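Trainee: Sharing a structure, written as structure tokens. Questions coming.
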Amino acid sequence: MKELSVNHLLGIKYLVKEDIDLIFETADHFKEVINRPIKKVPSLRDITIANIFFENSTRTKLSFELAQKRLSADVISFSAAQSSVKKGETLIDTVNNILSMKVDMVVMRHANPGAAYFLSQNVNASIVNAGDGAHEHPTQALLDSFSIREKLGEVAGKKIVIVGDILHSRVALSNIYALQMQGAEVKVCGPKTLIPKYIESLGVTIEPNLRKALEWCDVANMLRVQNERMDVNYFPSTREYAQQYGVDKALLDSLNKEIIIMHPGPINRGVEITSDVADSQQSVILDQVENGVAIRMAVIYLLASKIKQ
Amino acid sequence: MSQKILLTSKEVTIILNRLACQLIEKHLDFSNTVLIGLQPRGKYLAQRIQQILETEYQIKNISLGFLDITFFRDDFRRGDKPLEANKTQIDFLVENKKVVFIDDVLYTGRSINAALTAIQSFGRPIEVELLTLIDRRFSRHLPIQPDYRGRQVDAINGEKVKVCWQEKEGEDAVYLIKE
Numbered sequence: 001m002k003e004l005s006v007n008h009l010l011g012i013k014y015l016v017k018e019d020i021d022l023i024f025e026t027a028d029h030f031k032e033v034i035n036r037p038i039k040k041v042p043s044l045r046d047i048t049i050a051n052i053f054f055e056n057s058t059r060t061k062l063s064f065e066l067a068q069k070r071l072s073a074d075v076i077s078f079s080a081a082q083s084s085v086k087k088g089e090t091l092i093d094t095v096n097n098i099l100s101m102k103v104d105m106v107v108m109r110h111a112n113p114g115a116a117y118f119l120s121q122n123v124n125a126s127i128v129n130a131g132d133g134a135h136e137h138p139t140q141a142l143l144d145s146f147s148i149r150e151k152l153g154e155v156a157g158k159k160i161v162i163v164g165d166i167l168h169s170r171v172a173l174s175n176i177y178a179l180q181m182q183g184a185e186v187k188v189c190g191p192k193t194l195i196p197k198y199i200e201s202l203g204v205t206i207e208p209n210l211r212k213a214l215e216w217c218d219v220a221n222m223l224r225v226q227n228e229r230m231d232v233n234y235f236p237s238t239r240e241y242a243q244q245y246g247v248d249k250a251l252l253d254s255l256n257k258e259i260i261i262m263h264p265g266p267i268n269r270g271v272e273i274t275s276d277v278a279d280s281q282q283s284v285i286l287d288q289v290e291n292g293v294a295i296r297m298a299v300i301y302l303l304a305s306k307i308k309q
Numbered sequence: 310m311s312q313k314i315l316l317t318s319k320e321v322t323i324i325l326n327r328l329a330c331q332l333i334e335k336h337l338d339f340s341n342t343v344l345i346g347l348q349p350r351g352k353y354l355a356q357r358i359q360q361i362l363e364t365e366y367q368i369k370n371i372s373l374g375f376l377d378i379t380f381f382r383d384d385f386r387r388g389d390k391p392l393e394a395n396k397t398q399i400d401f402l403v404e405n406k407k408v409v410f411i412d413d414v415l416y417t418g419r420s421i422n423a424a425l426t427a428i429q430s431f432g433r434p435i436e437v438e439l440l441t442l443i444d445r446r447f448s449r450h451l452p453i454q455p456d457y458r459g460r461q462v463d464a465i466n467g468e469k470v471k472v473c474w475q476e477k478e479g480e481d482a483v484y485l486i487k488e
């Protein structure tokens with residue numbers, strides 16, 4: 001019988017390849033479950049989960065909530081805007097208050113890198129990182145790899161290019177870890193100002209030219225330009241960014257092969273990708289969203305099975 | 310550890326044929342009946358029964374599905390080992406159908422209890438029956454009894470009944486194993 005090597009999902013960095021395989025196998029079963037007429041299983045009926053979002057989120061929060069409800073867990077959700085955090089409460093106090101209401105698992109998004117790790121060291125509950133600053137977003141990377149596996153059969157040996165704002169992206173870092181762990185080759189592509197200085201120490205290569213990057217890859221993961229995290233101007237204008245690093249249908253059609261287009265959402269239509277690319281046959285953006293629920297069900301199920309009664 | 314043979318290959322064949330005949334007696338042409346093998350071990354028995362119905366009695370187009378009950382079990386987080394799921398493969402609805410659950414051994418009845426909940430995800434069956442090769446008498450935790458049974462066995466709790474299949478273990482046989 002297999003189980004995860006970790007008690008929390010803090011980042012892909014803390015996982016081993018076997019964990020990813022187990023999560024994918026379990027997600028396969030849950031994907032079948034969520035395509036049934038009745039999409040719910042009772043496994044987690046005695047588990048309570050708190051979703052704590054100190055940063056805005058639509059997709060991830062909904063996806064986590066849906067995953068938890070499809071597993072029959074009891075769910076409480078809150079976002080920082082409505083909470084006592086605004087009144088000056090510390091992170092540990094906030095979470096401990098929630099835990100004293102007998103919560104077994106915490107899913108947290110926070111603007112500070114390492115917030116989930118910090119929490120796991122200080123409170124007695126299973127922690128799932130739903131994004132910590134520009135550090136990691138493990139479930140997104142898992143669902144991205146799961147979507148690649150679904151589309152191309154396996155991740156090993158595939159060539160993936162991550163395009164755009166790598167500097168501010170937790171999705172990029174988690175994806176790099178996850179893809180490399182599974183034996184894929186990773187390139188990053190974007191304006192020099194949005195590529196971290198030491199990115200090559202992670203074993204990825206930089207390709208400044210978008211066309212060359214697309215011609216090389218099997219899958220292009222287009223990241224959103226995170227204007228909200230930019231304190232200075234990293235490129236002259238959105239128009240210029242779109243011209244150099246945006247993918248349109250003409251560019252896609254001019255390539256010598258058919259590549260897969262991914263995007264973690266939310267899309268800035270006309271910036272990273274144009275509408276006709278986002279809605280094209282080559283785009284798996286909506287499959288990613290569906291797979292997100294299955295992956296999060298698998299992660300929560302596997303972590304919950306390690307919570308002792 | 311010692312083991313005693315409960316059913317030989319020949320006995321298994323005779324019993325499977327009898328069970329198939331009992332099913333025909335009740336369901337005739339199986340036009341409104343579906344067979345559901347319970348994963349993981351009921352799958353082999355279900356496939357055998359379907360095969361006998363098709364080859365020996367020329368009943369074609371029998372709906373056969375496999376149901377995994379892992380996520381519906383009542384012992385999640387209660388055992389030492391994590392529960393491992395298997396594939397559910399039911400490509401039809403059971404709405405208004407007669408469902409026959411097929412499993413190799415009926416022991417506490419908890420798997421069947423979970424299966425009764427799990428099958429509801431695929432519609433509301435008009436009737437559910439249970440077919441098992443081995444019925445371990447006196448060990449039930451729930452008021453569940455088979456409608457079709459191969460052989461009734463009296464085994465105490467420390468003992469294990471192991472059903473072997475040609476396609477999996479290389480022989481058809483049933484053993485009683487004492488730890």
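Here the protein sequences line up with chains A and B, keeping their order. Residue 137 in my numbering sits at position 137 of the first sequence; the count goes up by one each step and never skips. Residues are numbered in my numbering as their position in the second sequence, beginning at 1, plus a constant of 309. Glycine is no exception: its CB is placed at the ideal position from the N, C-alpha and C atoms. Just so you know, these numbers come straight off a predicted model, no measurement behind them.
Against chain B, with Cβ distances strictly below 7 Å, would Q68(A) count as a contact?
Mentor: So, not an interface residue.
Trainee: State the Cα-Cα distance for the pair R149(A) and V155(A), rounded to the nearest angstrom.
Mentor: Each residue's Cα considered, the two are about 5 Å apart.
Trainee: Taking DSSP as the reference, what is the three-state secondary structure of R449(B)?
Mentor: Reduced to three states, the DSSP call for R449(B) is coil.
Trainee: Using CA coordinates, which residue listed in A172(A), G203(A) and A184(A) is at the minimum distance from G190(A)?
Mentor: Comparing Cα-Cα distances from G190(A) to each of A172(A), G203(A) and A184(A), the minimum goes to A172(A).
Trainee: Just checking: is the beta-carbon of D434(B) within a distance shorter than 7 Å of some beta-carbon in chain A?
Mentor: Reading off the sequence, residue 434(B) comes out as Pro, not Asp. No - not a single Cβ of chain A is within 7 Å of the one on P434(B).
Trainee: For G157(A), which three-state DSSP category applies?
Mentor: Here G157(A) sits in coil by DSSP.
Trainee: Let me know the beta strand (DSSP E) ranges lying completely inside the segment 319 to 392 of chain B, each 3 residues or longer, listed in chain order.
Mentor: The segment 319 to 392 of chain B contains these whole beta strand (DSSP E) runs: 342 to 347 and 372 to 376.
Trainee: From the beta carbon of R359(A), is the nearest beta carbon of chain B less than 7 Å away?
Mentor: As displayed, chain A neither begins before 1 nor continues past 309, which places residue 359(A) out of reach and without an answer.
Trainee: Count the other CB atoms, across all protein chains shown, that sit within 10 Å of the CB of K352(B); report buried if there are 16 or more and exposed otherwise.
Mentor: The residue in question, K352(B), is buried, as its Cβ has 16 or more Cβ neighbours within 10 Å.
Trainee: Sort L302(A), T274(A) and I23(A) by Cα distance to D144(A) and report the nearest one.
Mentor: Among L302(A), T274(A) and I23(A), the Cα nearest to that of D144(A) belongs to I23(A).
Trainee: For E438(B) and D93(A), what's the separation of their Cα atoms in angstroms?
Mentor: Cα to Cα, the separation comes out at about 54 Å.
Trainee: When the Cα atoms are used, what is the spatial distance from A242(A) to E272(A)?
Mentor: The alpha-carbon atoms of A242(A) and E272(A) are separated by roughly 6 Å.
Trainee: Check the Cβ of P391(B) against every Cβ in chain A and list those closer than 8 Å, keeping chain order.
Mentor: Correct list: M1, K2, E3, L302, S305 and K306.
Trainee: In chain order, what residues of the same chain lie with their CB nearer than 6 Å to the CB of E436(B), ignoring the 5 residues before and after it?
Mentor: Taken in chain order, the residues that qualify are K407.
Trainee: Would you check if the segment 378 to 394 of chain B and the segment 359 to 366 of chain B touch, i.e. whether three or more CB-CB distances between them fall below 8 Å?
Mentor: They do not touch, by the three-pair rule.
Trainee: Can you tell which of I52(A), G11(A), A134(A) and R59(A) has the C-alpha that lies nearest to the C-alpha of H263(A)?
Mentor: Here the closest residue by C-alpha is R59(A).
Trainee: I'd like to know whether the C-beta atoms of M108(A) and I47(A) end up nearer to each other than 7 Å.
Mentor: No, the Cβ-Cβ distance between M108(A) and I47(A) is not below 7 Å.
Trainee: For D463(B), which residues from the same chain have a beta carbon less than 7 Å from its beta carbon, with the 5 sequence-adjacent residues on both sides left out?
Mentor: Contacts found: R446 and F447.
Trainee: Would you kindly check if the distance between the Cβ of G133(A) and the Cβ of P113(A) is under 7 Å?
Mentor: Yes, Cβ-Cβ distance for P113(A) and G133(A) is below 7 Å.
Trainee: So, are the CB atoms of D413(B) and T397(B) less than 7 Å apart?
Mentor: Their beta carbons are not under 7 Å apart, which means D413(B) does not touch T397(B) by this criterion.
Trainee: Listed in chain order, which residues of the segment 286 to 301 of chain A have Cβ atoms closer than 7 Å to some Cβ of chain B?
Mentor: Correct list: empty, as no residue qualifies.
Trainee: Only counting the same chain, and skipping five residues up and downstream in sequence, which positions put a Cβ closer than 6 Å to that of V161(A)?
Mentor: Only K187, C189, A213, C217 and A220 meet the Cβ criterion.
Trainee: Ignore the nearest five residues each way along the sequence and tell me which others in Q461(B)'s own chain have a CB closer than 6 Å to its CB.
Mentor: Taken in chain order, the residues that qualify are D444 and R446.
Trainee: For R36(A), which residues in chain B fall below 7 Å Cβ to Cβ?
Mentor: Near R36(A) (Cβ distances below 7 Å), the residues of chain B are S430 and F431.
Trainee: A27(A) and A294(A): beta carbons closer than 7 Å?
Mentor: In contact: A27(A) and A294(A) (Cβ atoms closer than 7 Å).
Trainee: Below 8 Å on the Cβ atoms is my contact criterion, and I expect V106(A) with A50(A) to pass it. Report the Cβ-Cβ distance as a whole number of Å.
Mentor: With a Cβ gap of about 5 Å, V106(A) and A50(A) count as contacting.
Trainee: Under 7 Å between the Cβ atoms of H8(A) and S77(A)?
Mentor: Going by C-beta atoms, H8(A) is not nearer than 7 Å to S77(A).
Trainee: What in chain A is Cβ-close to T397(B), meaning under 9 Å?
Mentor: Within 9 Å Cβ-Cβ: H29, E32, V33 and R36.
Trainee: Span of the alpha helix (DSSP H) holding V293(A)?
Mentor: Its alpha helix (DSSP H) spans residues I285 to A304.
Trainee: I'd like to check one pair, F375(B) with G418(B): are the Cβ atoms closer than 7 Å?
Mentor: Going by C-beta atoms, G418(B) is not nearer than 7 Å to F375(B).
Trainee: Within the 7 Å Cβ cut-off, does F380(B) reach chain A?
Mentor: With 7 Å as the cut-off, F380(B) counts as an interface residue toward chain A.
Trainee: State yes or no: is the beta carbon of P266(A) nearer than 7 Å to at least one beta carbon in chain B?
Mentor: It does not; no Cβ of chain B falls within 7 Å.
Trainee: Short check: CB of L522(B) to CB of L354(B), under 7 Å?
Mentor: Only positions 310 to 488 of chain B appear in this structure, which leaves residue 522(B) out of reach.
Trainee: In the DSSP assignment, the alpha helix (DSSP H) including D132(A) goes from what residue to what residue?
Mentor: Segment S126 to D132 is the beta strand (DSSP E) holding D132(A); no alpha helix (DSSP H) there.
Trainee: Quick one: what's Y484(B) bridged to in DSSP?
Mentor: According to DSSP, Y484(B) bridges with I314(B) and K471(B).
Trainee: So which residues of chain B does T26(A) contact, with C-beta pairs closer than 7 Å?
Mentor: Those are A394, listed as they occur along chain B.
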